[in-house]
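Residue numbers (the working numbering): 1 to 219.
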């Protein structure tokens, strides 16, 4: 018995379960590779922007450079949103310092939340695959074993050579379910940790940038 023959000789229901699990596994791996690239780019962009920001560059020049481009992401998008709101509120006559700071902070928090939502998008699919794939595979296994025993009952004689193929075919469904679930769970946990780390970096940057804006507003 080969692995391919076990799949081809399985009952129709078990084959459908295997095909569904294989499709879920392919989609999971495609999402995993995409999410790795997205999070790596987010970390790289944040590192680059922090180097430019803390190197003493002029804030107005940084804002103008960001405004000329439409592809700002991550920390640069937070800076752009906060500084734009700061300039708008500061230019109004009679605006209190507390109102300026509150408005800038709200703009930065909204931008940060949008960035985190983008980074965290579709990861729930990995959690779903990781949680339901073993049960789908188990359903295929139970169905296959039931089908095998029905066949044995009709045959009237049970030997190891007649029982083993049917059970082996059924167990392949569980194996494919685990193959789909394990990478999805590992990837989901890793991505959740990476997004949490970026969220912490965003929060720290917003606090530090708020202090800088407060000093600018009092000049």
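All C-beta atoms in this analysis are idealised placements derived from N, C-alpha and C, irrespective of residue type, glycine included.
All of these numbers come straight from a predicted model, not from anything done at the bench.
Residues of its chain near residue i, where Cβ-Cβ distance is below 6 angstroms and the 5 sequence neighbours each way are ignored
| i | result |
| --- | --- |
| residue 140 | 14, 17 and 173 |
| residue 103 | 85 and 89 |
| residue 83 | 63 |
Sequence-distant residues of the same chain with beta carbon closer than 7 angstroms to residue i, five excluded per side
| i | result |
| --- | --- |
| residue 179 | 25 |
| residue 130 | 181, 184, 185 and 188 |
| residue 171 | 141 |
| residue 95 | 89 |
CB contact flag (residue i, residue j, <8 angstroms)
| i | j | result |
| --- | --- | --- |
| residue 177 | residue 21 | yes |
| residue 184 | residue 97 | no |
| residue 116 | residue 195 | yes |
| residue 112 | residue 202 | yes |
| residue 105 | residue 210 | yes |
Of the listed residues the options, nearest to residue i (C-alpha basis)
| i | options | result |
| --- | --- | --- |
| residue 10 | 216, 175 and 169 | 169 |
| residue 80 | 186, 66 and 124 | 66 |
| residue 217 | 29, 46, 100 and 19 | 100 |
| residue 190 | 138, 119, 211 and 175 | 119 |
| residue 204 | 109, 93, 72 and 59 | 109 |
| residue 122 | 200, 219 and 27 | 27 |
| residue 193 | 30, 29 and 43 | 43 |
| residue 142 | 211, 128 and 175 | 175 |
| residue 114 | 208, 219, 212 and 198 | 198 |
With 16 other Cβ atoms within 10 Å as the buried cut-off, status of residue i
| i | result |
| --- | --- |
| residue 247 | Nothing in the structure corresponds to residue 247, since the chain is present only between 1 and 219. |
| residue 77 | buried |
| residue 41 | exposed |
| residue 23 | exposed |
| residue 46 | buried |
| residue 133 | buried |
| residue 72 | buried |
| residue 136 | buried |
| residue 8 | exposed |
| residue 12 | exposed |
Cβ neighbours of residue i in the same chain (closer than 8 angstroms, five flanking residues each side left out)
| i | result |
| --- | --- |
| residue 167 | 144, 145 and 148 |
| residue 214 | 97 and 101 |
Three or more C-beta pairs below 8 angstroms linking the stretch 31 to 39 and the stretch 48 to 55: No: fewer than three Cβ pairs fall under 8 angstroms.
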